[in-house]
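To start, the structure itself, in structure tokens.
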Amino acid sequence: MKNFKKLLAILMMLTVLTTIAVGCGQKEDKVVLNVYNWGEYMDTSILEDFEKEYGIKVNYENYDTNENMYTKLKSGGTAYDICIPSDYMIEKMLKEDMLEKIDFNNIANYKYIDNKFKNLSFDPKNEYSVPYMWGTFGIIYNSKTVKENVDSWDILWDKKYEGEILMFNSLRDTISISLKRLGYSMNSINSDEIEKAKQELIKQKPLVRAYVVDQVKDMMLQEEAAMAVVWTGDAMVLMSENPDLKYVVPKEGSNIWFDNIVIPKGSKHKKEAELFIDFLTRPDISKKNVEYIGYSTPNTETYKMLDEDIRNNKSAYPDDEVLKKCEVFVDLGDNLRKYDEAWTEIKLAK
């Protein structure tokens, strides 16, 4: 009898330990959504809102260029469930079978996306992406320092601003500026045109204080430069903090870009990713996000909820006259090598 009681006690202890182990295992198996996004491109309090509402943990990481994001995803080292690439990169990723089809039955808030942001060339059937933000890039300048009329890319080559100019640390964007200034397409694959654009950027290099991405905001606010090339969202934030800063899309034209939310191929949490996309597209959440980061929204209901001065701001929402001079980047395929080689020579130039 004593042995039986001892055996019974051991069995009960094993049962308790098994229950604890299973409980711990369940905690470890809790869904963690891996989100990969541009730096300073989401109000992170939204992630906390999502976690509280759905009990899904979000692991959030940043990148600074489309190309860096692509390289990391291509290497397969980390499995991401959400990513927010730009138009031409989505086109490239689709060609390489790197994206999951989205089940739009799970994206009820997709109905709020303006039709003009659907059926775009990089996702013509609206199967793989949901619009997140859009905008242009142009020149922001300090009107205390720059007294002349700023309306052309030419000012970035003006020797009187030596050491006062900030350029994108991004080969595609920076080379495209030089191409547009010379009257060529921002999507040029003509070797002679790319060579001329490269030579102009080499001539400009002694005038450039730094090639930057996210650092541009701090540098302009601290008045470390007279002017910089920026995306519209950064321009809106900067102008709200310093009224001396002004933004312009040059008369030659610029890039109009679209950043969309996608689910990378092999996502282990596709349904949760779709839930997150629907959450980001919900008008109240979208409004909170737009007001924080300053970019232009493709969400019709969110747009209606914005303050009138933002809705009427031509920097954030330019008119058709400006937009008709802008180009959407396309995937250059193997021709991107020409840009890579040009960029290497620009960065190495003395």
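Quick note on numbering: the sequence shown equals residues -21 to -1, 1 to 329 in mature numbering (1 follows the signal peptide of the UniProt record, and there is no 0). Note that CB positions come from ideal geometry on N, CA and C, so glycine has one too. A quick note: this is a predicted structure, and the numbers were derived from the prediction, not measured.
Check your understanding: Under the three-state reduction of DSSP, which class applies to residue 212: helix, strand or coil?
Key -> The count along the sequence shown starts at 1 and reaches residue 212 at position 233. Residue 212: helix per DSSP, three-state reduction.
Practice item. Check the C-beta distance from residue 216 over to residue 145 and give it rounded, since I have them as a contact under 8 Å. Key: One-based indexing of the sequence shown puts residue 216 at position 237. One-based indexing of the sequence shown puts residue 145 at position 166. Their Cβ separation, rounded to whole angstroms, is 15 Å, which puts residue 216 and residue 145 out of contact at 8 Å.
Exercise for review: Report all residues from its chain with a CB closer than 6 Å to the CB of residue 142; omit the five preceding and five following residues, and keep chain order.
Suggested key: The residue you call residue 142 lines up with position 163 of the sequence shown. Here the set comprises 188.
Check your understanding: Hey, residue 16 and residue 38 are a contact pair by Cβ (cut 8 Å); roughly how many whole angstroms apart?
Key -> Residue 16 sits at position 37 when you count from the first residue of the sequence shown. Residue 38 sits at position 59 when you count from the first residue of the sequence shown. So it is not a contact: roughly 11 Å between Cβ atoms.
**Study point:** Helix, strand or coil at residue 225 [DSSP, three-state]
**Key:** The sequence position of residue 225 within the sequence shown is 246, counting from 1. Looking at residue 225 - three-state DSSP - the assignment turns out to be strand.
Point to revise | Local conformation of residue 332 per DSSP, three classes | key: Nothing can be reported for residue 332, as the shown portion of the chain is limited to -21 through 329.
Practice item. Classify residue 185 as helix, strand or coil using the three-state DSSP reduction. Key: By 1-based counting over the sequence shown, the position of residue 185 is 206. Helix.
Point to revise | Bridge-paired residues (DSSP) for residue 343 | key: For the chain, the structure presents residues -21 to 329; residue 343 sits outside this window and is missing.
Review point. Taking Cβ to Cβ, would you say residue 109 is nearer than 8 Å to residue 69?
Key: The residue labelled residue 109 in the question sits at position 130 within the sequence shown. The residue labelled residue 69 in the question sits at position 90 within the sequence shown. Not closer than 8 Å, so no.
Review point. Tell me, which residues are paired with residue 169 by DSSP?
Key: Locating residue 169 in the sequence shown gives position 190, counting from the first residue. Paired residues: none, contrary to the question.
Check your understanding: Rounded to the nearest angstrom, how far is the Cβ of residue 361 from that of residue 132, given a contact under 8 Å?
Key -> Given a span of -21 to 329 for the chain in the structure shown, any question on residue 361 remains unanswerable.
Exercise for review: Would you please state the rounded distance, in angstroms, between the beta carbons of residue 277 and residue 228? I believe it to be under 8 Å.
Suggested key: For the purposes of this step, residue 277 is identified with residue 298 of the sequence shown, where counting begins at 1. For the purposes of this step, residue 228 is identified with residue 249 of the sequence shown, where counting begins at 1. So it is not a contact: roughly 19 Å between Cβ atoms.
Check your understanding: What do you reckon, are the CB atoms on residue 308 and residue 206 nearer than 8 Å?
Key -> Numbered from its first residue, the sequence shown carries residue 308 at position 329. Numbered from its first residue, the sequence shown carries residue 206 at position 227. No, the pair does not count as a contact, with Cβ atoms beyond the cut-off.
Point to revise | For residue 115, three-class secondary structure by DSSP | key: Residue numbering aside, residue 115 sits at position 136 when the sequence shown is read from its first letter. In the structure shown, residue 115 sits in a strand (DSSP, three-state: E or B).
Check your understanding: residue 258 to residue 136, Cα distance in whole Å?
Key -> Indexing the sequence shown from 1 puts residue 258 at position 279. Indexing the sequence shown from 1 puts residue 136 at position 157. Rounded to whole angstroms, residue 258 to residue 136 spans 44 Å at the Cα level.
Point to revise | Cutoff 7 Å; reference residue 83; Cβ partners in own chain excluding five residues on either side | key: Position 104 of the sequence shown holds residue 83. Closer than 7 Å at Cβ, skipping near neighbours: 89.
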